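Asks: Sending over a structure as structure tokens; questions will come in a sec.
In our numbering, the protein residues as written are 1 to 127.
See below:
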């Protein structure tokens, strides 16, 4: 079964997306997390959860082999452009409440809660 990505250790450029290396999970930090939801229209909507991951690596990379795990739930990260540049923020959440252009991995974080530890995982090396 094709996992949807290829393996490469090369660092590519924007014109050669197929040659991009995968992102090192050690080059991310949580920039912002909202696992409660948003207070909109006088009520809390717990469907509007998000996590922002800041990438501080030195090279352009492909984040599509990473995933987030919390409790028994693991969610794959998928970025359609497959391009993440140093200093960019990757948002995980739903598009329905997010305004503007962002780098979005559209996922449902409904089972993610502050009481559980969140892990960023490498699905290729199983770290």
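Beta carbons: idealized from backbone N, C-alpha and C, even for Gly. Computed from a predicted structure; not experimentally measured.
Taking the CB atoms as reference points, tell me whether residue 85 and residue 62 lie closer together than 7 Å.
Replies: no
Asks: Since residue 73 sits in a beta bridge, which residues does DSSP pair it with?
Replies: 70
Asks: Name the residue from 26, 39, 32, 118 whose alpha carbon lies nearest to the alpha carbon of residue 91.
Replies: Minimum Cα distance to residue 91 is reached at 32.
Asks: Could you check whether residue 93 and residue 50 sit closer than 7 Å to each other, using their CB atoms as the reference points?
Replies: yes
Asks: With a threshold of 7 Å on Cβ separation, who are the neighbours of residue 75 within its own chain once the five nearest residues in sequence on each side are excluded?
Replies: 67, 68, 107
Asks: Would the beta-carbon of residue 115 be found less than 6 Å away from any heavy atom of the ligand MG?
Replies: The ligand content of the structure shown is nil, which means the ligand MG is not present either.
Asks: Rounded to a whole number of angstroms, what is the C-alpha to C-alpha distance between residue 71 and residue 20?
Replies: 31 Å
Asks: If we ignore side chains and look at the alpha-carbon of each, how far apart do residue 116 and residue 42 end up?
Replies: 27 Å
Asks: On the three-state DSSP scale, how would you describe residue 122?
Replies: strand
Asks: With respect to the beta strand (DSSP E) encompassing residue 45, which residues constitute its N-terminal and C-terminal limits?
Replies: 43-45
Asks: Does residue 92 come out as helix, strand or coil in the three-state DSSP assignment?
Replies: strand
Asks: Alpha carbons only, please: which of 40, 54, 37 is nearest the one belonging to residue 103?
Replies: 54
Asks: Using DSSP's beta-bridge definition, name the partner residues of residue 23.
Replies: Partner(s): none; residue 23 has no beta bridge.
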